[in-house]
Ligand code: ATP
Ligand code: MG
C-alpha cells in the first residue's frame with residue numbers, strides 16, 4: 106500500500122461539505138465587498154518567492170517545495186498566495202486598469218514544516234488583495250472582510266493590529282533592535298544570530314521560547330514610526346472603531362513575510378493553542394515595484410482554511426450537512442428497478458434530488474439504505490404497482506403512505522423538494 110505523503114490530508118466525501126461551506130461563505134463575503142476571484146498557477150519561478158516573501162524568512166530558507174523541472178528551471182510550489190497575485194497584477198498590466206483592483210483567491214499552499222495540529226505541508230488559504238489604495242480606510246476595509254468572514258462562520262477570535270512602518274522608520278528601528286539584541290546575542294538561537302545580521306525585524310518573529318522571552322523586552326516599533334506612518338496607524342484605529350471591529354494593539358507582530366509595510370494584523374483563536382492564528386495579513390506598499398511593476402499600494406490577508414475548520418469544530422459551530430435525496434425509488438425486481446431508473450432520470454431532469462439502487466439489493470435492504478442516507482420519501486415499485494402505473498410513496502418522517510401515479514411523479518416530488 107502506498108501512503109499519503111507526510112503533512113498532507115485527504116478531504117473525504119463524508120467531510121468535504123464542511124470545506125465547501127467555508128469556501129461558499131468566503132465567496133459570499135467576497136461578493137459583499139465586490140472582490141473578484143483570481144486564479145494563478147500552483148507553481149511559480151522560485152525567484153518570485155525569494156524576491157517577495159524574502160530570502161531571510163523561514164518560508165524561503167526552510168519551508169519551500171522547490172525542484173528543477175525537466176527544462177532545468179527552478180520551480181516552487183506556492184507557499185503563500187500574494188506573490189503569485191502580484192506577479193499576475195504586474196504581468197497583466199493591471200495597474201493601468203481600473204483601480205482599486207480588488208480580488209480574492211482560494212488556493213492550496215505548500216510549506217515543508219513539521220506537521221502538527223493546524224500545521225500541514227499542504228494547506229489551504231482564502232486570501233484577499235486590494236491594489237491601488239494607500240489610505241488607512243482600505244486597511245480597515247480589508248480587515249473588515251476577514252472580520253465579516255470570521256463572524257459569519259461563527260468564530261469568536263481576537264484581532265491584533267500593529268504598524269511596522271515604512272523604509273524610513275524601519276531603518277531607525279533596526280538600529281534600535283541591533284543595539285538591544287547585541288548585548289544578548291549569545292542567548293539567542295542559531296537562526297536568530299543570522300537574523301541579527303541580515304534582518305533584525307525577523308528576530309521578533311522567532312518561535313523559540315527563550316528568544317520569545319528576550320523579545321518581550323525589545324524596543325517597540327510603535328515608538329519609531331515616522332509622522333506619516335503614525336498618522337496612518339491612528340486613522341486605521343479610527344476606521345476600525347467606525348466599523349465596530351474590536352482590536353488590540355500588539356507591537357510584537359511583525360509577520361513571517363518580508364514584504365509588509367505599515368499595517369500588520371492577526372486574528373487569533375485561543376482555542377487551538379500554538380497554531381491559533383487563523384488569519385493574518387497587512388499592507389505591502391513596496392512589493393509591486395519590487396516585482397517590476399509601477400509603484401502601487403496594496404493590502405491583503407490570508408486565512409488558513411484548516412485552522413478555521415479546527416476552531417469551528419472545537420467551538421461546536423454546526424455546519425449544515427448536504428441535502429439528502431427528496432426521494433429514493435425502490436424497485437422490487439429487475440423490471441421494477443428499470444422503471445425506478447427511468448423515473449429517477451426524469452426527476453433529476455426537473456431538478457429533484459432522486460436516488461435509486463445500484464447494488465441489486467432486496468426492497469427491504471433498499472429501504473434500509475434509503476433511511477441511512479436520509480431520503481425524505483421512499484417510493485416503492487412492485488409488480489402490481491408496475492402494472493397499475495403507480496408507486497407507493499412513504500413519507501419517512503410521518504410514516505404515512507399514499508399512491509402516486511408515474512405520470513404525476515415529477516409534479517409530486519417537485520412540490521416536496523427542498524433542494
Ligand atoms: P505561523 O506563524 O502559524 O507559522 P505564518 O505566519 O507562517 O503562520 P502566514 O504566512 O501569514 O502564516 O499564512 C496565513 C495563514 O495561513 C496563517 O494564519 C494560518 O492560518 C495559515 N497557515 C500558515 N502556515 C500553515 C500550515 N503550515 N498549515 C496550515 N495552515 C497554515
Ligand atoms: Mg509559518
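In the numbering used here, the protein residues as written are 106 to 524. Glycine included, every Cβ here is placed at the ideal spot set by N, Cα and C.
Simplified DSSP state of residue 480, which is helix, strand or coil: Start at 1 with the first residue of the chain shown, and residue 480 comes out as number 375. Three-state result, residue 480: coil.
Residue 190 and residue 143 - do their beta-carbons sit closer together than 7 Å? Locating residue 143 in the chain shown gives position 38, counting from the first residue. Locating residue 190 in the chain shown gives position 85, counting from the first residue. At the C-beta level, residue 143 and residue 190 come within 7 Å of one another.
In three-state DSSP terms, what is residue 393? The residue labelled residue 393 in the question sits at position 288 within the chain shown. Helix.
From the DSSP output, in three-state form, read off residue 464 for me. Counting from one through the chain shown, the residue named residue 464 turns up at place 359. Correct three-state label for residue 464: coil.
What do you reckon, is the C-beta of residue 264 under 6 Å from a heavy atom of the ligand ATP? As a working mapping, residue 264 is identified with position 159 in the chain shown. The answer is no for residue 264.
For residue 329, which residues of its own chain have a beta-carbon under 7 Å away from its beta-carbon, when the five flanking residues on both sides are left out? Counting from one through the chain shown, the residue named residue 329 turns up at place 224. If we look at residue 329 and ignore the five residues flanking it on each side, its Cβ neighbours are 270, 274, 277, 278, 281.
Rounded separation between residue 353 and residue 266 - CA only: Taking the first residue of the chain shown as 1, we reach residue 353 at position 248. Taking the first residue of the chain shown as 1, we reach residue 266 at position 161. Straight-line Cα distance between these residues: approximately 6 Å.
Residue 204 and residue 237 - do their beta-carbons sit closer together than 7 Å? For the purposes of this step, residue 237 is taken as residue 132 along the chain shown, with counting starting at 1. For the purposes of this step, residue 204 is taken as residue 99 along the chain shown, with counting starting at 1. Cβ atoms of residue 237 and residue 204: closer than 7 Å.
Residues in its own chain within less than 7 Å of residue 133 by CB, not counting five upstream and five downstream? Here residue 133 is taken as the residue at index 28 of the chain shown, counted from 1. So the list is empty, once near-sequence residues are dropped.
Taking three-plus beta-carbon pairs below 8 Å as touching, is the stretch 217-237 in contact with the stretch 426-435? no
Does the stretch 150-169 come into contact with the stretch 207-214, if we say contact requires no fewer than three beta-carbon pairs (one atom in each stretch) closer than 8 Å? no
For the beta strand (DSSP E) containing residue 384, list its first residue and its last residue. What you label residue 384 is simply residue 279 of the chain shown in a count that begins at 1. For residue 384, the enclosing beta strand (DSSP E) has its first and last residue at 382-388.
Which listed residue (187, 457, 483, 524) has its alpha carbon closest to that of residue 518: Taking the first residue of the chain shown as 1, we reach residue 518 at position 413. The shortest Cα separation from residue 518 among 187, 457, 483, 524 belongs to 457.
Residue 125 in three-state terms, based on DSSP: Your numbering for residue 125 matches position 20 in the chain shown. DSSP places residue 125 in helix when its eight states are reduced to three.
Alpha-carbon to alpha-carbon, residue 365 and residue 387: Translated into the one-based positions of the chain shown, residue 387 becomes position 282. Translated into the one-based positions of the chain shown, residue 365 becomes position 260. Distance between the alpha carbons of residue 387 and residue 365: 6 Å.
Can you tell which of 445, 316, 503, 114 has its C-alpha closest to the C-alpha of residue 295? As a first step, residue 295 must be located in the chain shown, where it is residue number 190. Cα-wise, what sits closest to residue 295 is 316.
Tell whether a beta-carbon distance below 7 Å holds between residue 482 and residue 500. Taking the first residue of the chain shown as 1, we reach residue 482 at position 377. Taking the first residue of the chain shown as 1, we reach residue 500 at position 395. A contact, by the Cβ cut-off of 7 Å.
Cβ pair residue 241, residue 389 closer than 7 Å: By 1-based counting over the chain shown, the position of residue 241 is 136. By 1-based counting over the chain shown, the position of residue 389 is 284. Not a contact, by the Cβ cut-off of 7 Å.
How many Å lie between residue 156 and residue 395 at the Cα? For the purposes of this step, residue 156 is taken as residue 51 along the chain shown, with counting starting at 1. For the purposes of this step, residue 395 is taken as residue 290 along the chain shown, with counting starting at 1. In a straight line, the C-alpha of residue 156 is about 8 Å away from that of residue 395.
Buried or exposed: which applies to residue 409, given that a residue is buried once 16 or more other Cβ atoms fall within 10 Å of its Cβ? If you number the chain shown from 1, residue 409 lands on position 304. Label assigned to residue 409: buried.
What residue from 404, 401, 384, 400 has the CA that sits closest to residue 416's CA? Residue numbering aside, residue 416 sits at position 311 when the chain shown is read from its first letter. Comparing Cα positions, the closest option is 384.
Taking only runs that begin and end inside the stretch 163-248, name each unbroken alpha helix (DSSP H) of 4 or more residues, in chain order. 187-196
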